[in-house]
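Read through the structure below, which is laid out as C-alpha cells, and then see the notes.
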Amino acid sequence: MKNLPGMPGTASGLVLRIGQFMFAGASIAVMVSGRNFSNYTAFCYLVAAMGLQFLWSFGLAALDAYALLIKRGLRNPVLVSLFVVGDWVTATLSLAAACSTAGVTVLFDNDLKFCAQTHCHRFQISAAMAFMSWVLIGLSSLVTFWLLANG
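Here the sequence shown stands for residues 340 to 490, where the numbers follow our numbering.
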C-alpha cells in the first residue's frame, strides 16, 4: 500500500502529532491563566481532556520521531488498531470539551453579560485552540482508520 500523508511513522504524521500536542498545550495554558476557571465544570473538563490529548499526542509524536530515526514504518496491524482507538477516544473527548467550553462562553458573553467579571476572551481562545487540536486529531484518526481498513 502507498504511503498516506499523515500516517504513523512519517514526517507528515509527526507534524500532525506535534500540532496536536502544541494546540492542546496552548489550550491548557490559556485556560489555566484565567482566574476562577476551576469554578466551572466545562472548563475543568476542557483542561482534563486537553491534558489527555497532550499526553497521547506527545507520546505518539515521540514514537513517530523514533520510527523516522531508525527509518522504520509503523504498519503493524495491532499497533495501527491501537492508534485508531486511541485517536477516536481522544478526538471524541476533545470535541466534547471544546463544544462545552464554547457553549459556556457564549452563554456568559451573549446571554448573561457575565464577561466583565470573568476572562471570557481567554476562555474563547482556549476553546478555539481545543477545536484546532480536534481538527488535527480528526485527520490523524481518518488516516489511521484508512490504513487499518486497507492494511
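Glycine included, C-beta positions come from ideal geometry on N, C-alpha and C.
ILE409 carries a coil assignment under DSSP once its states are collapsed to helix, strand and coil.
Selection ILE367, GLY348, LEU446 and ALA350 evaluated against ALA469 yields ILE367 as nearest (Cα-Cα). In this structure, DSSP gives ARG414 a state outside helix and strand, which the three-state scheme calls coil. In this structure, the CA atom of SER420 is about 9 Å from the CA atom of LEU486.
VAL482 is positioned such that its CB atom lies closer than 9 Å to that of LEU343. Between LEU407 and GLY348 the beta-carbon gap is near 7 Å, inside 8 Å, which marks them as a contact. PHE470: member of the alpha helix (DSSP H) spanning 459-489, first to last residue. At least 9 Å separates the beta-carbon of ALA467 from that of TYR384. C-alpha of ARG411 to C-alpha of GLY490: approximately 16 Å in a straight line.
Check the Cα spacing between PHE397 and each of VAL417, ASN415, ALA381 and MET361: the tightest is with MET361. Taken atom to atom, the span from the alpha-carbon of ARG356 to that of LEU418 is near 16 Å. Of all alpha-carbon atoms in ALA400, LEU434 and SER377, the one lying nearest the alpha-carbon of GLY352 is that of ALA400.
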